[in-house]
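Please read the structure below before turning to the comments.
Numbering (this note's numbering), first residue to last: 208 to 438.
Quick look at the structure:
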């Protein structure tokens, strides 16, 4: 199964999440390992082969997804092989082919705005899917930094965490302040795409609503001026 890499997101220190598009079917795919999370050393900066715009053969794979993570495919690291790197214009055309005008609708009617007013969540084990790609017009999204995290704000008040690994240093944790500023400038003058996804379920015990939810986040942001940024 050959997968075009569209999402490479930071997780807890030392680990990442990877997702992409099956180049044959257009289906969204999230490679997962049997007994561990995907380590940071899958990326080129740490000796690996996984990067944006690359087509990776993930081997036969086996779908093991459960709602809403229907995209999960069990892989073995030894099966991975780099096939080629897609050209920027071809990559953008591919994203256009699978993108939605309002990707939030793709997750189903259980997705709702959280009590905090800016996050979106769906109850644990609910939702139609966990990955989608949305087109964004120039000037519609603005980035900000809050401590060790990055947020993207939309005019309707939605403000999602952005976990795109290109916005963080090689340790996968430290925000690259200058890079965030560069991407913010590009977003004001270039249209592009944001890959959004639901997290694994977790809760905030200190919150008035401590239930576990799948939280919506920005997995990756792609605009023409950022496509050559490598991991």
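Using N, Cα and C, we set each Cβ at its ideal position, and we do this for glycine too.
Proximity below 8 Å, CB of residue i to CB of residue j
i	j	result
residue 425	residue 367	yes
residue 365	residue 327	yes
residue 293	residue 211	yes
residue 222	residue 245	yes
residue 431	residue 302	no
residue 384	residue 352	yes
residue 334	residue 395	no
residue 266	residue 286	yes
residue 401	residue 350	no
Buried/exposed call for residue i, threshold 16 Cβ in 10 Å
i	result
residue 416	exposed
residue 435	exposed
residue 439	Here the chain has residues from 208 to 438 only, and residue 439 is not among them.
residue 422	buried
residue 296	exposed
residue 213	buried
residue 370	buried
residue 270	exposed
residue 376	exposed
residue 324	exposed
residue 310	buried
residue 288	exposed
residue 354	exposed
Identity of the residues DSSP links to residue i by a beta bridge
i	result
residue 429	400
residue 382	375
residue 407	BP columns for residue 407 are empty, so no partner.
residue 422	328
residue 246	222
residue 357	352 and 369
residue 280	238 and 270
Span of the alpha helix (DSSP H), counted from its first residue to its last, around residue i
i	result
residue 362	Careful: residue 362 lies outside any alpha helix (DSSP H) and carries neither H nor E.
Residue i: first and last residue of the uninterrupted beta strand (DSSP E) it sits in
i	result
residue 303	Here residue 303 belongs to no beta strand (DSSP E); instead the alpha helix (DSSP H) covers 295-305.
residue 238	235-239
residue 259	Segment: none, residue 259 is in no beta strand (DSSP E) and carries neither H nor E.
residue 209	209-217
residue 310	From DSSP, residue 310 is part of no beta strand (DSSP E); its letter is neither H nor E.
residue 343	338-343
residue 414	Run containing residue 414: none; DSSP gives neither H nor E here.
residue 286	Note, residue 286: premise wrong, no beta strand (DSSP E); not H, not E.
residue 368	366-369
residue 227	222-229
residue 350	349-353
residue 316	Segment: none, residue 316 is in no beta strand (DSSP E) and carries neither H nor E.
Of the residues the options, the one placed nearest residue i, counting alpha carbons only
i	options	result
residue 255	383, 281, 215 and 408	215
residue 241	234, 219, 253 and 272	272
residue 283	238, 308 and 311	238
residue 340	274, 265, 285 and 427	427
residue 410	236, 321 and 361	321
residue 232	349, 373 and 305	305
residue 279	398, 391 and 336	336
residue 408	218, 268 and 332	332
residue 226	372, 397 and 399	372
residue 317	234, 275, 360 and 281	275
residue 359	264, 268, 329 and 403	403
residue 268	209, 362 and 356	209
residue 218	230, 243 and 235	243
residue 437	389, 290, 252 and 228	252
Any non-hydrogen atom of the ligand ZN closer than 7 Å to residue i Cβ
i	result
residue 374	Absence of the ligand ZN is noted for the structure shown, with no ligands found whatsoever.
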